[in-house]
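Undergrad:
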Amino acid sequence: MIVKDKERFKPVSSLFGIFIRPAQAQCDLPKAQFEGKRSIQRCINDLLAKLEETDKYTVNHSKEVAEISELFARKLNLPEDKVEKVKQAALLHDVGKIDIPEKILNKPKSLCPEELTVIQEHSQLGAEKISTKYPELKELIPAIMAHHEHWNGAGYPAKLSKTQIPIESRIISIADTYHAMRGRCYRKSASVHESCKTLLEGAGSQWDPILTDKFVKLVLTNQI
Ligand SMILES: [Fe+2]
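The numbering of the sequence shown is numbering that gives the first Met the number 0, which starts it at 0 and goes up by one.
#1: Using three-state DSSP, classify A31 as helix, strand or coil.
#2: Taking 7 Å as the limit, tell me which residues put their C-beta closer than that to any heavy atom of ligand 1, in chain order.
#3: So is the beta-carbon of G125 under 7 Å away from any non-hydrogen atom of ligand 3?
#4: DSSP beta-bridge partners for A202?
#5: Please say whether E148 and A157 have beta carbons closer to each other than 8 Å?
#6: Tell me whether M0 sits in a helix, a strand or coil according to DSSP, three-state version.
#7: Quick check on DSSP: helix, strand or coil for I43?
#8: Smallest Cα separation from A89: which of S109, F71, P112, G201?
#9: Given C195, which residues of its chain have a CB within under 7 Å of its CB, disregarding the five upstream and five downstream residues?
#10: Look at A189 and P165 and say whether their C-beta atoms are less than 8 Å apart.
#11: Apply the 10 Å Cβ neighbour rule to A48 and answer buried if 16 or more other Cβ atoms are within range, or exposed otherwise.
#12: Can you give the beta carbon distance from E114 to K106, rounded, assuming they're within the 8 Å contact cut?
#13: Please classify R181 as buried or exposed, where buried requires at least 16 neighbouring CB atoms within 10 angstroms.
#14: Rounded to the nearest angstrom, what separates E66 and K86 at their Cα positions?
#15: What's the C-alpha gap between A22 and K30?
#16: Under three-state DSSP, which class holds S188?
#17: Are the Cβ atoms of I140 and I118 separated by less than 8 Å?
#18: Can we say the stretch 45 to 59 touches the stretch 90 to 98, given the rule of at least three CB pairs closer than 8 Å?
#19: Please report how far the alpha carbon of Q123 lies from the alpha carbon of G95, in whole angstroms.
#20: Can you tell me which of E69, E52, T162 puts its alpha carbon nearest to the alpha carbon of I83?
#21: What does a CB cutoff of less than 6 Å around G152 pick up in its chain, not counting 5 residues either side in sequence?
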C-alpha cells in the first residue's frame, strides 16, 4: 500500500473557539449548563496560560493532541459528552508540568534517571492541582492521571492495565504519541508510515490494541 505522506500538523489557530458554539446553540442550553461550560472553559484557559509561561511547546502540542483525540473519539462514535471530556482532558493532559522545575523540563540533554522520575510525576501533579484548585474540572482527573498508563500494566503512576485505564486516557495516549512523532520540533519528524508502524508495534503492550488498529486505519485512509 502506498501511504501518502501528510502535511505536518498545522498549529490550531484558535483553540478556544472549539468550545464556543454558535450563539443560537448556546441559547438552547439550560442556563446552569451554559454557565457550567463557561466555567470549565475559563479554568482550562487559565491552566494553559500558566503552562505557557514555562513550556510553550507543551501547550501547542496539547492543543494539537486535543484536536486529534476529539476527531478520533468522534470516529469511534462516542457520545458527545464523552467526546467533550476527551478533548478537555487532552488539552490538560500535561498540565502537571507547571510544577516541574524549568531546568529539568527544558533540559536540552537527555535526562538522568532521577530527573526522569521527577518528569514522570507530572501525571499526579496535574491531578493534584485540579483537585485542590480547579474543582470545576474534577471529572477530568482520572483521564489526566492515567495518560501514561500502558495496556500491559507497565506504565505509570498506578500501573493500571487494559480497561482499568479510562478510555479517554487510552485515546489521548495514542494521539499524544502520534503527534509527538509527526509534529516534533526538536528533531526530524517521522513519516505517517513510520508513526503508524511504531503504534502497531506497541499495540497490546503500550496501547489498547483495538483502538490502535482503528486509529491506524483512520490515519491511513486520511480520516485523521
Ligand atoms: Fe504526559
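Even glycine gets a Cβ: it sits at the ideal position worked out from N, Cα and C.
Please read these numbers as outputs of a predicted model, since none were measured by experiment.
TA: According to the data block:
#1: As a first step, residue 31 must be located in the sequence shown, where it is residue number 32. Three-state result, A31: helix.
#2: H92, D93, H121, S122, H146, H147, D175
#3: Ligand 3 is absent from the structure shown, which contains only ligand 1.
#4: Translated into positions along the sequence shown, residue 202 becomes position 203. Partner(s): W206.
#5: As a working note, residue 157 is residue 158 in the sequence shown. As a working note, residue 148 is residue 149 in the sequence shown. Yes, they are a contact pair.
#6: As a working mapping, residue 0 is identified with position 1 in the sequence shown. No answer about M0 holds up, because its pLDDT of 38 lies below 50 and its placement is not dependable.
#7: Translated into positions along the sequence shown, residue 43 becomes position 44. In this structure, I43 counts as helix in the three-state DSSP scheme.
#8: Mapped onto the sequence shown, residue 89 falls at position 90. A89 has its Cα closest to that of F71, out of S109, F71, P112, G201.
#9: For the purposes of this step, residue 195 is taken as the residue at position 196 of the sequence shown. V215, V218, L219, listed in sequence order.
#10: Residue mapping note: residue 189 aligns to position 190 of the sequence shown, counting from 1. Residue mapping note: residue 165 aligns to position 166 of the sequence shown, counting from 1. No.
#11: Taking the sequence shown and counting its residues from 1, one reaches residue 48 at position 49. Exposed, by the Cβ-count rule.
#12: Locating residue 114 in the sequence shown gives position 115, counting from the first residue. Locating residue 106 in the sequence shown gives position 107, counting from the first residue. The Cβ separation is near 7 Å, so the contact holds.
#13: The residue labelled residue 181 in the question sits at position 182 within the sequence shown. Burial call: buried.
#14: As a first step, residue 66 must be located in the sequence shown, where it is residue number 67. As a first step, residue 86 must be located in the sequence shown, where it is residue number 87. One C-alpha to the other measures close to 7 Å.
#15: For the purposes of this step, residue 22 is taken as residue 23 along the sequence shown, with counting starting at 1. For the purposes of this step, residue 30 is taken as residue 31 along the sequence shown, with counting starting at 1. Its pLDDT being 47, under 50, A22 is placed unreliably in this model, and the coordinates cannot settle the point.
#16: Numbered from 1 along the sequence shown, position 189 holds the residue referred to as residue 188. Three-state result, S188: coil.
#17: As a working mapping, residue 140 is identified with position 141 in the sequence shown. As a working mapping, residue 118 is identified with position 119 in the sequence shown. Cβ atoms of I140 and I118: not closer than 8 Å.
#18: yes
#19: Residue numbering aside, residue 123 sits at position 124 when the sequence shown is read from its first letter. Residue numbering aside, residue 95 sits at position 96 when the sequence shown is read from its first letter. Roughly 7 Å between the two C-alpha positions.
#20: Reading the sequence shown from its first residue, position 84 is the one you call residue 83. Before going on, a small fix: residue 83 reads as Glu here, not Ile. Comparing Cα-Cα distances from E83 to each of E69, E52, T162, the minimum goes to E69.
#21: For the purposes of this step, residue 152 is taken as the residue at position 153 of the sequence shown. Excluding sequence neighbours, G152 sits near K158, S160.
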